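Under the working numbering, the first residue of the sequence shown carries the number 1121, and numbering increases by one thereafter.
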Amino acid sequence: RMALGETLYSLGRYEDAEAEFRAAVRMRPDSARARHALGEVLMILEKYPEAESELREAARLAPDNPDILLDLGSLFHLMGKLSEAAEALGEAAQMRRDHSWTRFSLAMVLKDMGRISDALMQVEEAIRLGNDSAPVLELRKSLREMRRS
1121 RMALGETLYS LGRYEDAEAE FRAAVRMRPD SARARHALGE VLMILEKYPE AESELREAAR
1181 LAPDNPDILL DLGSLFHLMG KLSEAAEALG EAAQMRRDHS WTRFSLAMVL KDMGRISDAL
1241 MQVEEAIRLG NDSAPVLELR KSLREMRRS
């Protein structure tokens, strides 16, 4: 079921992928991988409370998985739960110190919390790690302007 769900997900058939991932969770409720996949597709489908439940359970089952924490932090950000987002993304960043997109995601949350200096520090780290993409550079520019004013 997971393989079919992943194929459907990659094809953008999210409702069908959701059904497959739900079946996978029913078959193996203790599978962090299945719960993570279901949470991720629920997040895309904007079923945030259900996504939160699945991602929290995935994180409980696999507490050392930074990918789950990254998705959980991103979900919290979408839901406006900024302190929870910062906590999850901060943990993910500690686990995977060389992942620039985790740093970028954390910077976005810190910016929304008004923690401009902390956000700028995370963006600078993302750039140091080799991420000089347009969104990262634009965020750095914006944060520098906010810090000046």
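Even glycine gets a Cβ: it sits at the ideal position worked out from N, Cα and C.
Everything numeric in this text was worked out from a predicted model, so none of it was measured.
If you reduce the DSSP assignment to three classes, tell me which class Asp1184 lands in. The sequence position of residue 1184 within the sequence shown is 64, counting from 1. Residue state for Asp1184 is assigned as coil, using DSSP reduced to three classes.
So, using beta-carbon positions, are Asp1150 and Leu1181 closer together than 8 Å? Here residue 1150 is taken as the residue at index 30 of the sequence shown, counted from 1. Here residue 1181 is taken as the residue at index 61 of the sequence shown, counted from 1. The answer is yes: Cβ separation under 8 Å.
Other residues of its chain near Leu1162: CB distance less than 8 Å, five sequence neighbours each side excluded: Walking along the sequence shown from the start, residue 1162 turns up at place 42. The answer, listed in chain order, is Glu1138, Tyr1168, Glu1170, Ala1171 and Glu1174.
Taking only runs of the alpha helix (DSSP H) that begin and end inside the stretch 1218-1248, which ones reach a length of at least 4 residues, in chain order? Those alpha helix (DSSP H) runs which fall completely within the stretch 1218-1248 and span 4+ residues are 1220-1232 and 1236-1248.
By Cβ distance below 8 Å, which residues in the same chain neighbour Glu1244 in space, the five residues on each side in sequence not counted? Stepping through the sequence shown from its first residue, residue 1244 is reached at position 124. So the qualifying residues of the chain are Arg1260.
Would Glu1265 be called buried (16 or more neighbouring beta carbons within 10 Å of its own) or exposed? Here residue 1265 refers to the residue found at position 145 of the sequence shown. Its Cβ having fewer than 16 others within 10 Å, Glu1265 is exposed.
With H, G and I counted as helix, E and B as strand and the rest as coil, what does DSSP make of Gly1125? For the purposes of this step, residue 1125 is identified with residue 5 of the sequence shown, where counting begins at 1. Helix.
Reference Leu1202, options Arg1216, Leu1226 and Asp1187, closest by Cα: The count along the sequence shown starts at 1 and reaches residue 1202 at position 82. It is Leu1226.
Are Ala1206 and Pro1186 touching if we call contact CB-CB under 8 Å? The residue given as residue 1206 occupies position 86 in the sequence shown. The residue given as residue 1186 occupies position 66 in the sequence shown. Taking 8 Å as the Cβ cut-off, Ala1206 and Pro1186 do not qualify as a contacting pair.
Whose C-alpha, out of Ser1269, Val1145 and Trp1221, is nearest the C-alpha of Ala1254? Translated into the one-based positions of the sequence shown, residue 1254 becomes position 134. In this structure, Trp1221 is the residue among Ser1269, Val1145 and Trp1221 with its C-alpha nearest to the C-alpha of Ala1254.
Ala1179 to Phe1196 span [Cα, whole Å]: Taking the first residue of the sequence shown as position 1, residue 1179 is located at position 59. Taking the first residue of the sequence shown as position 1, residue 1196 is located at position 76. If you take the alpha carbons of Ala1179 and Phe1196, they lie about 14 Å apart.
Closest residue to Ala1123 among Arg1176, Glu1140 and Glu1135 (Cα-Cα distance): Here residue 1123 is taken as the residue at index 3 of the sequence shown, counted from 1. Here the closest residue by C-alpha is Glu1140.
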